[in-house]
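Residue numbers (this note's numbering), protein chains in the order written: chain E, 6 to 390; chain R, 6 to 390.
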């Protein structure tokens with residue numbers, strides 16, 4: 006339910022600005038007369054909006070068309086949107102590596118870089134790697150830091166609206182870290198911090214396994230699964246940014262922890278020790294019964310958690326990523342058991358973007374932010390009751 | 006992310022129409038000059054839109070103000086929105102009763118009626134009671150059936166977009182019933198069929214326990230809980246209308262069914278036999294150990310299911326309704342255990358609308374439908390990528 010809050014003049018200016026900018030992107034170097042016709046706005050309104058957009062550097066007068074120059078009198082001024090008016094970064098800060106992607110305002114990626122980080126690195130060390138990676142990427146692409154319009158960041162944990170990590174057990178010193186504030190010291194543009202599974206869901210929808218679906222759950226499958234959801238094409242963060250943290254059903258409950266679940270020795274595995282987990286799966290494939298039982302317990306837990314997400318949200322599509330997605334035999338049991346548990350089983354596919362998924366989603370979030378400022382009317386014109 | 010799909014003339018007409026109608030609702034009998042000033046639209050555009058709205062019966066010329074009549078020349082025409090231009094119905098079709106609420110286009114309820122229905126009634130019998138109840142309500146209020154603009158219906162089950170019940174085990178002959186199509190024979194206006202828990206969530210948000218929250222899970226607590234969710238103030242139906250059917254995690258899975266869970270004899274209870282359930286709770290209060298163990302199992306299951314919903318969705322507020330909400334001691338264990346399981350525990354409160362909740366929500370959905378047609382630009386102006 007959306008309604009126009011009619012009568013607010015600044016709101017109407019924003020709507021008019023978005024309408025004109027959209028018409029400018031859609032038309033081939035339109036004149037003011039073209040824009041008046043396309044938008045239905047009055048000529049003075051269009052003139053005022055175009056002046057404002059030129060002042061903001063987003064619109065520029067384009068050269069007159071050839072035929073026009075020959076006609077009598079001054080040719081009508083023509084305008085175009087400046088896609089090169091700014092740049093965007095998408096950054097992943099993960100347990101084992103940091104990565105950055107660089108694009109123009111159209112989202113086309115033309116720079117990338119990454120660095121390994123020790124699992125046990127302090128928050129300061131980890132952020133220093135981020136700064137080094139970003140500096141490399143900008144330098145190699147010949148892009149000035151001052152031309153950045155927005156930076157998106159994807160990282161494990163529950164992230165507050167201001168970019169503070171409310172809870173993040175996967176990385177040392179992460180819980181309570183004012184990640185957005187820390188990163189904003191390096192950038193003069195908005196920095197948007199997002200949970201890694203949320204960013205991954207956005208990425209798969211943008212250019213991965215979910216381009217054809219607006220109702221998607223991305224499962225970051227690991228020892229304790231997390232998830233990011235798109236509902237009607239929008240990221241669903243939840244009221245406190247904690248949506249999708251389904252692993253907590255067992256982590257904080259009475260059940261056995263995932264680290265014990267997949268152990269063959271009774272001793273819990275380290276939650277980030279992917280090699281130890283891979284060893285258990287390898288043993289299971291070789292016929293080791295304790296390992297097979299451990300893998301079975303792990304898969305049952307994963308199926309249960311994904312089923313709970315699917316029943317709560319009813320997505321069209323489940324995309325499975327994270328390291329467990331690379332383990333043989335995760336997809337088939339998931340499909341089979343979801344068909345049993347769910348009233349309307351979703352399609353289940355593997356992530357297509359591999360290790361670039363989180364940085365790609367972070368970049369898309371930066372692009373969304375900029376486009377929202379430029380083109381969106383939703384959220385400003387709509388208000389519920 | 007919303008964008009204007011600039012350049013579509015019929016879309017711009019709709020936007021302009023919504024803007025003018027909103028200004029008409031907000032202002033006191035405005036003139037065309039007032040409307041031009043308020044909306045920023047050109048005078049010919051405003052005139053065209055107002056003519057169209059008058060033709061549709063939604064706007065009427067109001068009497069000139071007193072002072073104006075005395076001035077020289079013809080006074081400027083003034084206009085107002087006709088709130089009395091139509092009526093709405095909200096209908097509940099439940100296991101034990103059917104109910105109907107009647108309102109004007111402003112949503113103010115001025116007619117109500119209900120009838121008991123035997124649990125075992127056939128679909129035809131149940132729909133006949135609905136027709137009788139509606140006829141009573143309309144007759145008593147003196148409202149012609151032809152003035153109905155939309156009818157909302159809430160009923161158990163997974164409901165498809167066209168109003169067909171995809172799966173509905175609570176009512177006899179409900180699965181596969183083309184409920185929307187059957188009811189459309191009785192009405193010439195749109196009939197919107199919705200899952201009962203979804204309708205209840207909408208109702209609590211409109212005028213119940215959730216008026217101050219846009220991120221709400223309504224739990225219809227019974228032997229097998231279902232849920233309806235609002236995200237950002239909108240109903241979240243899921244891709245196939247099955248969102249919130251969390252009870253299926255156990256119903257279709259390997260766990261013991263809820264009917265056995267709450268049994269003290271080993272024999273399963275009938276899923277709709279609320280008296281038998283109440284007896285178990287009464288026994289537990291009297292100290293019967295088997296009954297206490299059964300109640301404990303029931304509460305654990307409910308907590309687990311609600312925790313799964315909360316972790317998946319991260320709502321601000323959980324509203325508990327349905328018959329189990331009336332049972333002593335449901336709220337406290339829910340609050341306590343959610344605080345253990347959930348990273349960001351939501352507030353947990355009881356439903357405020359009692360047995361009117363589903364019909365109230367159905368009425369609000371009918372009102373939403375009509376308002377969306379009249380005022381919404383969202384969903385038409387916005388399109389993702």
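Cβ coordinates follow ideal geometry from the N, Cα and C atoms, glycine included.
Buried or exposed: which applies to residue 115/E, given that a residue is buried once 16 or more other Cβ atoms fall within 10 Å of its Cβ? exposed
On the criterion of 16 or more Cβ atoms from any shown chain inside 10 Å, does residue 62/E qualify as buried, or is it exposed? exposed
Where residue 236/E meets chain R, residues with beta-carbon distance less than 8 Å: 236 and 241
Determine, using beta carbons only, whether residue 37/R and residue 28/R come nearer to each other than 8 Å. no
Looking only at C-alpha atoms, which of 234/E, 334/E, 50/E and 67/E sits nearest to residue 34/E? 67/E
Are residue 249/R and residue 314/R close, meaning C-beta to C-beta below 8 Å? yes
Sub-8 Å separation of residue 310/R and residue 244/E beta-carbons: no
In the structure shown, what three-state DSSP assignment does residue 41/R receive? helix
Residue 303/R: first and last residue of the uninterrupted beta strand (DSSP E) it sits in: Counting along the chain, residue 303/R falls outside any beta strand (DSSP E), though it belongs to the alpha helix (DSSP H) covering 294–318.
Less than 8 Å between the C-beta atoms of residue 236/R and residue 92/E, yes or no? no
Among the residues of its own chain, which have a CB less than 6 Å from the CB of residue 138/R, if the five just before and after it don't count? 103, 105, 118 and 120
Out of 192/R, 346/R, 154/R and 172/R, which one is the CA nearest neighbour of residue 369/R? 154/R
Name the DSSP bridge partner or partners of residue 221/R? 235/R and 322/R
Through-space distance from residue 65/R to residue 59/R, alpha-carbon basis: 6 Å
Between the region 349–363 of chain E and chain R, which residues of the former have CB atoms less than 8 Å from a CB of the latter, in chain order? 349 and 351
I'd like to know if the region 290–297 of chain E and the region 347–355 of chain R are in contact, where contact means that at least 3 CB-CB pairs between them fall below 8 Å. no
Evaluate contact between the region 138–150 of chain E and the region 216–228 of chain E, counting only Cβ atoms and requiring at least three cross-stretch pairs below 8 Å. no
Buried or exposed for residue 201/R, please, with buried defined as at least 16 other CB atoms from any protein chain shown within 10 angstroms of its CB. buried
Quick one: any contact between the region 322–333 of chain E and the region 162–177 of chain E, if contact means 3 or more CB pairs under 8 Å? no
When you compare the CB positions of residue 392/E and residue 97/E, do they come within less than 8 Å of one another, or not? Nothing about residue 392/E can be reported from this structure: the residues present for chain E run from 6 to 390 only.
Nearest-angstrom Cα distance between residue 198/E and residue 322/R? 25 Å
Can you check which of these residues, 339/E, 302/E, 179/E and 284/E, is closest to residue 164/E by C-alpha distance? 179/E
Starting from residue 155/E, follow its DSSP beta bridges and name the residues at the other end. 93/E
Thinking just about the alpha-carbon of each residue, which of 108/R, 338/R, 187/R and 196/R is nearest to the one in residue 129/R? 187/R
Restricting to runs no shorter than 3 residues, where is the beta strand (DSSP E) found entirely within the region 104–152 of chain R? 114–121
Coil, strand or helix - residue 229/R by DSSP: coil
Taking 8 Å as the threshold (beta carbon to beta carbon), is residue 100/E in contact with chain R? no
Output needed for residue 125/E: all residues of its chain with C-beta closer than 7 Å, excluding positions within five of it in sequence on either side, in chain order. 177
In the structure shown, what three-state DSSP assignment does residue 102/R receive? strand
Between the alpha carbons of residue 184/E and residue 157/E, how many angstroms are there, rounded? 12 Å
Inter-residue Cα distance where the pair is residue 46/R and residue 52/E: 14 Å
Below 6 Å CB to CB, which residues in the same chain sit around residue 296/E once its five sequence neighbours on both sides are set aside? 269, 285, 288 and 289
Taking only beta carbons into account, state which residues of the region 301–332 of chain R come closer than 7 Å to chain E, listed in chain order. 312, 313, 314, 316, 317, 318, 319, 320 and 321
Closer than 8 Å between beta carbons: that is the criterion. Which residues of the region 38–64 of chain E meet it against chain R? 43, 44, 45, 46, 47 and 50
Determine whether the Cβ of residue 11/E lies closer than 8 Å to any Cβ atom of chain R. Caution is warranted here: a pLDDT of 44 is assigned to residue 11/E, below 50, making its placement in the model unreliable, and no coordinate value can be reported.
Compile a chain-ordered list of the residues in the region 130–141 of chain E whose CB is closer than 7 Å to at least one CB of chain R. none
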